[in-house]
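Below is one structure; the comments refer to it alone.
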Ligand code: SF4
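In the working numbering, the protein residues as written are 7 to 365.
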């Protein structure tokens with residue numbers, strides 16, 4: 007087969023981000039797990055100092071105020087065991103049938119972070135040492151008659167810490183051997199090279215989160231640049247015979263925001279995407295508009311006091327989730343405007359690519 011040339015934007019900045027924690031902690035229970043020891047050795051080989059804790063609880067991660075706690079926690083990797091409750095899986099529509107977790111917490115600094123307020127305690131990045139138990143448990147949730155999908159990125163960015171854990175590659179291998187079980191994950195990082203040669207058997211769908219260059223630069227601290235993410239999605243989608251991963255990939259455009267010149271900026275993003283995926287490959291879209299809850303707004307404004315995100319409730323519609331929790335979404339007119347733009351542009355440019363949902 008002929009090699010496909012990528013059309014590269016000459017002005018583009020390809021900026022990768024590799025997170026290196028300032029401290030690594032490991033609990034006694036995690037040290038007892040062979041996978042935990044594997045992570046321990048991996049981080050030691052990277053020259054990172056590892057502190058062996060005497061107890062299984064993480065303490066001493068609070069600072070003087072929320073911002074200091076945030077800074078300390080976000081530069082800490084803790085190798086811990088997932089509690090037994092992690093083996094009771096929850097459904098996660100519309101993204102997948104079930105969610106499960108390789109880790110909790112994320113090294114990036116998105117000013118709209120979806121995790122803000124949803125995890126207890128300081129936002130330290132906890133990676134799970136009992137990975138084989140977590141993976142073997144998934145089989146209990148498989149529907150033997152149809153494909154069951156499992157989402158691994160609800161509480162973390164699994165690719166953002168993959169160089170420290172290896173857990174994502176191990177999970178992809180595991181799913182590659184399972185019948186009727188598919189893995190989904192999403193990332194704002196780009197270090198995909200270690201995932202390209204894996205025997206995934208078409209059972210994993212990697213997705214890359216995309217947004218305008220402006221939103222990515224101003225609101226997604228610590229992540230790979232948009233051009234780096236586009237390069238990563240291309241590598242994942244190219245056939246293995248051409249050095250790629252041969253994955254059916256996904257594009258998650260999120261969070262969609264009507265920033266000034268939004269139409270022009272999203273048009274540019276879609277132009278670049280067309281130039282990037284300019285070879286036969288399968289991919290899907292997921293479209294997520296920006297939303298916040300009263301709790302996430304309060305925490306995010308404490309973490310990022312200079313944020314430029316519009317958190318003004320008077321521009322929004324209030325919605326309730328099934329547990330009675332409030333969330334603020336764009337009002338109906340803004341939603342219709344954004345939704346129509348994306349549906350018409352995506353259908354015109356990528357008629358074969360399903361749009362899985364708009365929310
Ligand atoms: S990548 Fe996702 S989880 Fe990580 S900081 Fe950004 S929004 Fe939060």
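Using N, Cα and C, we set each Cβ at its ideal position, and we do this for glycine too. In this text the structure is predicted, and so the values were computed from the model without any measurement.
- Assigned with DSSP and collapsed to three states, residue 340 falls in helix.
- Collapsing the DSSP output to three states places residue 267 in coil.
- Boundaries of the alpha helix (DSSP H) harbouring residue 34: 34 to 37, taken from the DSSP string.
- A residue is called buried when at least 16 other Cβ atoms come within 10 angstroms of its Cβ; residue 314 does not meet this threshold and is exposed.
- Partner residues in a beta bridge of residue 185, as assigned by DSSP, do not exist.
- Here residue 158 carries a coil assignment [DSSP, helix/strand/coil].
- One Cα belongs to residue 260, the other to residue 35, and the distance between them is close to 37 Å.
- Within the same chain, Cβ atoms closer than 8 Å to the Cβ of residue 265 are found at 218, 220, 221 and 271, the five residues on either side in sequence being excluded.
- Checking the 7 Å criterion, the Cβ of residue 165 is out of range of every heavy atom belonging to ligand 1.
- Taking all protein chains shown into account, residue 312 has fewer than 16 neighbouring C-beta atoms within 10 Å of its C-beta and is therefore exposed.
- Secondary structure at residue 193: strand, using DSSP grouped into helix, strand and coil.
- Secondary structure note for residue 290: its beta strand (DSSP E) is the uninterrupted segment 289 to 295.
- Collapsing the DSSP output to three states places residue 356 in coil.
- Approximately 24 Å separates the beta-carbon atoms of residue 156 and residue 199; this is outside 8 Å, ruling out the contact.
- If one requires a minimum length of 4 residues, the alpha helix (DSSP H) runs lying completely within the region 189 to 261 are 219 to 225 and 232 to 243, in chain order.
- By the Cβ rule, the region 243 to 251 counts as touching the region 276 to 296, because three or more pairs are nearer than 8 Å.
- In this structure, residue 295 sits near residue 365, with a CB-CB distance shorter than 8 Å.
- Contact between residue 140 and residue 88 is confirmed by a C-beta separation of about 6 Å, below the 8 Å threshold.
- Around the C-beta of residue 144, 16 or more other C-beta atoms lie within 10 Å, and the residue is accordingly described as buried.
- Taking residue 56 as the centre and dropping the five residues before and after it, the same chain places the C-beta of 30, 32, 46, 49 and 50 closer than 7 Å to its C-beta, in chain order.
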